[in-house]
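Protein chains in written order, with this note's numbering: chain A, 143 to 427; chain B, 143 to 427.
Backbone N, C-alpha and C fix where the C-beta goes; we use that ideal spot for every residue, glycine too.
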């Protein structure tokens, strides 16, 4: 059977959530730009379609990109795609070998690089994937450009409270996963201050797993703007800006050498512009 | 038998050549800086040692880095290393399974990123590797920031003449290899204007193969400074500088996503600073 959109109510719910979260995040980030001063940045929207082969694959995404006065470059992408995995990938994806490789996936992905070296960069991504199994994955992690213990502590506290609302074991497990994942072996250094990372989440209760994934998004939307507003108007030095540009190089190294979504996406014909929206606006080595 | 330096006369010759080529290139690039104007850039030298494990591995390298007025960032590295490949790598390297994984390798590697967007970036690398077999590899390729047919034509003509002095089949074969290798599938674009790329060169006549490898180095040393001097004082526009910074992003993408030396080196405990000396000084996405 050729794969089709296969959307059921739960997939519609998840996809709708990613879209409404995207709307809320973009609106909040634009409010921050407006608060900051004149000529505020605004998001520009661009849609892309996934090239279908013989109607076997479809879907696409919406990229929202803003180059503003607070947000030097922030991309917020949502996507919903479906189709049939190649024979090769079927063995690598849970549940894909059992249904002829059919899949559906939707998610939101965000990376923000800030003008001020005193405001941390941030990444947030959540997604739902369905094959013959279905699960959620995602997370959020903070990358201060100049070490900032208060920001890191508040970010983690918010994620911990979020996790604790759903399962007392989540925070410890997902924080450790982030620490392990967001690490550059060739530099022997972490990408930033960490956060949480989770994948293959299928507790047997879809509603609960969806509620957790929604809460991760809401928690991000609550805590990150606080960190931005806290320091966005503080003056910084040239040395701090230089340190930021060099630190961003580590972000590039991580994304192109190790990040599974980036390397997997680029090597399997994903949308290059959407995938590489995560790269920083200006970098030094 | 534990591997040792295993240096024989031919290895000494090759290693000595890479060092003297390094000296000549650095001297020529410093002359260009002096010709250009006041406060000329100068190379800074830094040595590194390869961490040995139980005396099984050894060697190291010398990094020469200049941040000047013509050369925004240029790294010229030489290295000579020896030891024993892990069981895993033995099967991937010609002749390594047959001698218990012992190897010796020496080479020179150079990447130059220029201040002027009118002067192409360049890469040159040659090396000799010995296991139970021995061979040469390397090449040179040009990356104009703004398309420049004259530079590309002259660079290729020099390499073609070099190849033709040694074997009438080399240029066609090695140019095609470079075109295939220096390509970004996710952008569907070449890294630059190409050049030559060769590997596993063992014609059965070591002296001839060494002579060719020396000629590649001398040819580079002759042609690239001509391209630099041709345009280094020409005025450029802000738009051209922007195009240069964006084009450099493609260079980063290639090196971190695809370049075998970079990804292999970083993932197998190579010297990170030497390997990533190839990354451009300032980049925009």
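| Apart from the five residues just before and just after residue 285(B), which ones in its own chain have a Cβ nearer than 8 Å to its Cβ? | 262, 263, 264, 265, 333, 334, 335, 389 and 393.
| request: Starting from the beta carbon of residue 395(A), find every residue of chain B whose beta carbon is closer than 8 Å, and list them in chain order. | output: In chain order: 398 and 418.
| request: Give the single residue among 251(B), 256(B), 379(B) and 384(B) whose Cα lies nearest to the Cα of residue 183(B). | output: Closest in alpha carbon position to residue 183(B), among 251(B), 256(B), 379(B) and 384(B), is 256(B).
| query | From 215(B), 156(B) and 342(B), pick the residue whose C-alpha is nearest to that of residue 357(B); which is it? | reply | Residue 156(B) is the option with its Cα nearest to residue 357(B).
| request: Whole angstroms is fine: what's the gap from residue 258(B)'s alpha carbon to residue 328(A)'s? | output: Computed Cα separation, rounded: 31 Å.
| task | Name, going along the chain, the residues of the stretch 312-331 of chain A whose beta-carbon falls closer than 7 Å to a beta-carbon of chain D. | result | Protein chains in the displayed structure are A and B, and chain D is not among them.
| query | Can you check whether the CB of residue 326(B) is closer than 8 Å to the CB of residue 396(B)? | reply | Yes. Within cutoff.
| Through-space distance from residue 277(B) to residue 346(B), alpha-carbon basis | Distance between residue 346(B) and residue 277(B), taken at the CA atoms: about 9 Å.
| task | Could you check if residue 401(A) is buried or exposed, using at least 16 other CB atoms within 10 Å of its CB as the buried criterion? | result | Around the beta-carbon of residue 401(A), 16 or more other beta-carbon atoms lie within 10 Å, marking it buried.
| Cut-off 6 Å between Cβ atoms - residues of its own chain near residue 146(A), not counting five sequence neighbours on either side | Note that residue 146(A) has pLDDT 46, beneath the 50 cutoff, so the model's placement of it is unreliable and no number is given.
| CB of residue 243(A) within 8 Å of CB of residue 270(A), strictly | For residue 243(A) and residue 270(A), no; Cβs fall outside 8 Å.
| query | Under 8 Å Cβ-Cβ, which residues of chain B neighbour residue 429(A)? | reply | The first residue shown for chain A is 143 and the last is 427, placing residue 429(A) beyond what the model contains.
| field | Rounded separation between residue 410(B) and residue 230(B) - CA only | value | Looking at the two C-alpha atoms, the distance is approximately 11 Å.
| query | For the beta strand (DSSP E) that residue 341(A) lies in, which residues bound it at each end? | reply | Looking at the DSSP string, the run of the beta strand (DSSP E) that includes residue 341(A) is 336-343.
| Does the beta carbon of residue 408(B) come closer than 8 Å to any beta carbon on chain A? | Taking Cβ atoms only, chain A reaches closer than 8 Å to residue 408(B), which makes this a yes.
| request: Show which residues of chain B have a CB atom less than 7 Å away from the CB atom of residue 414(A). | output: Those within 7 Å of residue 414(A) in chain B are 328 and 329.
| said: What does the alpha-carbon distance come out to for the pair residue 187(B) and residue 205(B)? | reply: Roughly 6 Å between the two C-alpha positions.
| Taking the beta strand (DSSP E) that residue 271(B) falls in, what are its first and last residues? | Where residue 271(B) is concerned, the enclosing beta strand (DSSP E) stretches over 263-272.
| message | Is the beta carbon of residue 237(B) closer than 8 Å to that of residue 416(B)? | response | No, the Cβ-Cβ distance between residue 416(B) and residue 237(B) is not below 8 Å.
| field | Opening and closing residue of the beta strand (DSSP E) in which residue 216(A) lies | value | Here the beta strand (DSSP E) through residue 216(A) covers 213-226.
| request: Could you give the DSSP three-state label for residue 382(B): helix, strand or coil? | output: Here residue 382(B) sits in helix by DSSP.
| query | By a C-beta neighbour count over all protein chains shown, 10 Å radius and 16 as the cutoff for buried, is residue 272(B) buried or exposed? | reply | Per the 10 Å Cβ criterion, buried.
| request: Specify, as a first and last residue, the run of the alpha helix (DSSP H) that residue 257(B) falls within. | output: It is not in any alpha helix (DSSP H) - residue 257(B) carries neither H nor E in the DSSP assignment.
| request: Quickly, what does DSSP pair residue 189(A) with across the bridge? List them, please. | output: Answer by DSSP bridge pairing, in chain order: 204(A).
| request: State the Cα-Cα distance for the pair residue 158(B) and residue 232(B), rounded to the nearest angstrom. | output: Our two residues, residue 158(B) and residue 232(B), have alpha carbons roughly 27 Å apart in a direct line.
| request: Kindly indicate the opening and closing residues of the alpha helix (DSSP H) around residue 277(A). | output: Run containing residue 277(A): none in the alpha helix (DSSP H); it sits in the beta strand (DSSP E), 276-285.
| Sub-8 Å separation of residue 274(B) and residue 309(B) beta-carbons | The beta carbons of residue 274(B) and residue 309(B) sit no closer together than 8 Å.
| query | Given a threshold of 16 other Cβ atoms within 10 Å of its Cβ, counted over all protein chains shown, does residue 215(B) qualify as buried or as exposed? | reply | Counting C-beta atoms within 10 angstroms of its own C-beta, residue 215(B) has 16 or more neighbours from the protein chains shown and is therefore classed as buried.
| Where the stretch 255-288 of chain A meets chain B: residues whose CB sits under 7 Å from a CB there | Against chain B - using a Cβ distance shorter than 7 Å - the stretch 255-288 of chain A contributes no residues.
| residue 163(A): which of 171(A), 360(A) and 367(A) sits nearest, CA to CA? | If we check each option's Cα against that of residue 163(A), 360(A) comes out closest.
| query | When the Cα of residue 306(B) is compared with those of 289(B), 228(B) and 353(B), which residue comes out closest? | reply | Answer by Cα proximity: 353(B).
| said: Between which two residues does the beta strand (DSSP E) holding residue 426(A) run? | reply: Start and end: 424-426.
| query | Closest Cβ-Cβ distance between residue 226(B) and chain A: below 8 Å? | reply | Chain A, which has no Cβ nearer than 8 Å to the Cβ of residue 226(B), makes this no.
| For residue 160(A), does the count of other Cβ atoms within 10 angstroms reach 16, so buried, or fall short, so exposed? | Result: buried.
| said: So, at 7 Å on beta carbons, what are the nonlocal neighbours of residue 179(B) in its own chain, with the 5 sequence-adjacent residues on each side left out? | reply: Excluding residues up to 5 positions away in sequence, 211 lie with their Cβ nearer than 7 Å to the Cβ of residue 179(B) in the same chain.
| query | What is the rounded straight-line gap between the Cα of residue 339(A) and the Cα of residue 165(A)? | reply | Each residue's alpha carbon lies about 23 Å from the other.
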